[in-house]
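The listed protein sequences correspond, in order, to chains Z and Y.
So in this note's numbering, spot 435 of the first sequence is number 553, and the numbers just go up one at a time.
So in this note's numbering, spot 1 of the second sequence is number 167, and the numbers just go up one at a time.
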Amino acid sequence: MKDIAKLTVIEIINLLKSGETSSESLVNGYKKIYEEKNTDINAYLEFFTDAIESAKLADKKRAELLTSGKSANEIYVEFPLLGVPIAIKDNIVVEGKVASASSKILENYKAPYNATVVEKLLNAGALFLGRLNMDEFAMGGSTENSAYGVTKNPHDLERVSGGSSGGSAAVVSMGGAPVSLGSDTGGSIRQPAAYCGVVGLKPTYGSVSRHGLMAMGSSLDVIGPLAHTVEDVEYIFNIIKNQDGDRYDSTSLKHEDEVKNISRHTFNPEKIRIGIVPELMNQGGIDKSVIETLNKTIELLRTAGCEVKEISLPHVKYSLAVYYILMPAEVSSNMARFDGVKFGSKVEGDDLLGDYLNTRGELLGKEVRRRIMLGTYVLSSGYHDAYYNKANITKDLISSDFEKAFENVDVVLTPTTPTPSFKIGSHSDDPVQMYLEDIFTVTANLTGSPAISIPAGSTKSDTGTDLSIGLQFTAPHSREDILFAVGKKVQQLRAL
Amino acid sequence: MSITEADVKKLASLSRMKLTEQEITQFTKEIDSILGYVEQIKEVSSDSVKAKLPEHRNILREDIADTNVNPDAGSVLNCAPSVQDGLVKVKKILNQ
């Protein structure tokens with residue numbers, strides 16, 4: 119059998135189908151990697167002690183179904199993830215497990231219910247290996263804002279894994295799980311995927327229910343998978359997508375309906391039309407290795423029959439500014455629920471106001487408090503028009519730039535990040551410098567488009583380590599199928 | 167400086183967070199630099215676009231009473247830091 123650290127979900131399913139391995143032996147394998155590597159990397163906040171029990175139950179269920187006369191293929195049609203291990207970001211709730219969002223305020227919070235995605239994965243037969251480190255409440259781009267320590271990059275332990283889903287990217291990269299779930303509000307799946315050399319999908323806004331995901335920017339948040347391959351990410355997306363009966367997340371979409379509505383976008387997989395944006399590449403601050411990787415990939419795609427066109431997205435340069443107004447505005451209202459009264463931890467004060475001031479002042483980290491205050495500022499009277507309303511107008515202008523572009527191209531190609539992973543601590547004194555790492559990713563959250571980060575190259579660091587470089591493809595709403603087609607093409611071309 | 171330490175104190179108080187003097191100084195500097203960056207949206211020409219509320223605003227579902235819900239009231243109450251007689255307990259807010 120192939121090295122467990124590199125096994126894909128599709129390969130695992132085939133091994134389980136053929137009986138070459140069992141879920142129990144897989145979980146033991148991942149546990150061993152966790153024990154060997156997690157002290158250094160810190161991807162897992164907790165490896166569930168009952169994962170092995172869940173694996174045994176899955177093995178038993180598979181055996182029973184086989185005995186009852188079902189074929190292995192039939193079993194995996196009914197339970198497409200039976201006995202497949204998966205790890206999840208710590209802001210997605212699993213009943214009976216701690217969900218801390220890497221914050222002190224939820225250090226001992228045990229979730230009383232399952233997120234919709236968790237429910238869907240359990241129904242498909244998946245088992246959970248553990249919960250993964252992140253920036254506190256998903257606010258950050260390096261996991262340096264976790265109350266439980268930074269997640270280091272498995273390719274270079276002096277560097278960050280990215281964030282906020284740093285644990286979700288690092289766990290796949292280090293081989294501690296074949297696939298993970300993350301959440302993406304401004305790039306939190308794609309940026310760490312790029313830094314760690316894995317595939318990360320930010321689905322269309324609303325295509326995956328947010329019920330059970332701790333809210334950060336409710337008009338921007340989406341849950342998505344991170345894995346070794348595009349095929350794996352596609353497989354998991356097809357299981358977690360769709361509504362929860364319109365019951366808990368009223369913005370969630372019926373995927374098939376959405377696709378039908380926008381099917382006017384005709385797409386020929388033999389001749390994918392790729393838009394590139396010269397004005398974005400000329401803005402400065404983009405590492406030479408990233409530009410080289412982009413140009414090399416463009417050439418590969420051209421020779422493989424793709425049509426590469428230069429397009430203009432005149433308002434996209436304002437995306438980051440718009441994002442750092444709208445996101446904190448939503449953060450400031452979403453974070454109001456952490457008051458030390460209804461759930462989570464509490465620091466006593468002299469009176470009720472003192473309880474609030476102490477609990478929020480002492481148990482929320484600096485980045486979270488910074489964004490709450492920034493959001494309170496941009497929403498306050500006198501500034502609301504200049505910031506919040508103007509940002510919403512600009513957001514609409516950005517969306518119409520993309521709508522126009524998608525009349526002529528199927529996907530837009532950019533780097534995922536302007537640089538490869540940076541050294542731990544190097545950006546921590548300068549929030550704007552840290553935010554600039556999101557410059558290519560925030561746009562898809564503002565427009566609601568699906569976007570994927572694909573490993574496309576690497577560069578040598580000053581200490582001789584190999585730093586991964588990711589490229590990002592963005593497609594029209596609900597057209598994840600185009601992202602998977604072009605992503606597979608990049609994978610094939612790189613393997614040649 | 168577009169934002170002052172007094173502004174930050176006010177924001178901290180509005181958002182119910184106790185800050186140290188040192189934190190106030192630091193947050194003032196950082197929030198000022200972020201506001202300096204986001205200022206650039208002022209140059210966006212929006213003459214052609216009428217100021218409007220976001221398209222996806224207050225999307226609500228029907229509020230249906232349902233007693234057969236997961237989690238039930240008991241397990242939700244268990245999440246609260248302080249509970250008495252099946253109720254969430256807070257300090258009194260009125261004198262007398």
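We treat Cβ as the ideally placed atom computed from N, Cα and C, and that holds for glycine.
Just so we're clear, the structure is a prediction, and the values are computed from it rather than from any experiment.
Asked, Found
"C-beta atoms of residue 141/Z and residue 250/Z nearer than 9 Å", "no"
"Integer Cβ distance of residue 205/Z from residue 289/Z, believed to fall under 8 Å", "5 Å"
"Where residue 391/Z sits in the DSSP three-state scheme", "strand"
"Buried versus exposed call for residue 411/Z [16 or more other C-beta atoms within 10 Å across all chains shown]", "buried"
"Where residue 220/Z sits in the DSSP three-state scheme", "coil"
"Identity of the residue in 185/Z, 168/Z, 219/Z, 242/Z nearest residue 197/Z by Cα", "242/Z"
"Per-residue contacts from residue 594/Z into chain Y (C-beta, under 7 Å)", "Near residue 594/Z there are no residues of chain Y at all, since even the closest Cβ is about 17 Å away, more than 7 Å."
"Rounded C-alpha distance that separates residue 567/Z from residue 469/Z", "46 Å"
"Residue 549/Z: contacting residues in chain Y (beta-carbon distance under 8 Å)", "196, 199, 200"
"Cβ contact check for the region 210–224 of chain Z and the region 249–266 of chain Z: 3 or more pairs under 8 Å", "yes"
"Residues sharing a beta bridge with residue 603/Z, DSSP", "Looking at the DSSP assignment, residue 603/Z forms no beta bridge with any residue, so it has no partner."
"Cβ separation of residue 494/Z and residue 450/Z, assumed to be a contact under 8 Å, to the nearest whole Å", "5 Å"
"Local conformation of residue 186/Z per DSSP, three classes", "coil"
"9 Å Cβ cutoff met for residue 465/Z and residue 473/Z", "yes"
"Nearest to residue 150/Z (by Cα), restricted to the options 122/Z, 332/Z, 139/Z", "122/Z"
"Spatial neighbours of residue 264/Y in its chain, beta-carbon cut-off 6 Å, leaving aside the 5 residues before and after", "Outside the modelled stretch of chain Y, which goes from 167 to 262, sits residue 264/Y, for which no answer is possible."
"Proximal residues of chain Z, C-beta to C-beta of residue 249/Y below 8 Å", "Here the premise fails: no neighbours, minimum Cβ distance about 10 Å."
"Cutoff 9 Å: residue 492/Z Cβ touching any chain Y Cβ", "yes"
"Own chain, CB closer than 6 Å to residue 318/Z, minus 5 neighbours either side, in chain order", "307, 308, 311, 344, 571"
"Contact set between residue 328/Z and chain Y, taken where Cβ atoms lie within less than 8 Å", "By Cβ distance, chain Y contributes nothing, its closest Cβ being about 12 Å from residue 328/Z, past 8 Å."
"Cβ-based burial, residue 270/Z [other Cβ within 10 Å; buried from 16]", "buried"
"Whether residue 144/Z touches residue 181/Z by CB criterion (9 Å)", "no"
"For residue 438/Z and residue 553/Z, the rounded distance between their alpha carbons", "8 Å"
"Local Cβ density within 10 Å of residue 231/Y, reported as buried at 16 or more and exposed below that", "exposed"
"Proximity winner among 260/Z, 430/Z, 356/Z, 192/Z, relative to residue 515/Z (alpha-carbon distances)", "430/Z"
"Residues that DSSP places opposite residue 591/Z in a beta bridge", "531/Z, 570/Z"
"Limits of the alpha helix (DSSP H) - the one that residue 472/Z falls within", "470–481"
"Option in 322/Z, 227/Z, 367/Z with minimal Cα separation from residue 229/Y", "367/Z"
"Run of the alpha helix (DSSP H) containing residue 488/Z, from where it starts to where it stops", "484–497"
"Reference residue 395/Z; option with closest CA among 203/Z, 592/Z, 281/Z", "592/Z"
"For residue 190/Y and residue 171/Y, the rounded distance between their alpha carbons", "6 Å"
"Beta-ladder partner(s) of residue 162/Z, from DSSP", "250/Z"
"Distance CB(residue 257/Z)-CB(residue 174/Y) smaller than 9 Å", "no"
"Pairwise C-alpha distance: residue 184/Z and residue 355/Z", "27 Å"
"Contact set for residue 130/Z: own chain, Cβ-Cβ below 7 Å, skip 5 residues either direction", "144, 202, 296"
"Helix, strand or coil at residue 277/Z according to DSSP, with G and I counted as helix", "strand"
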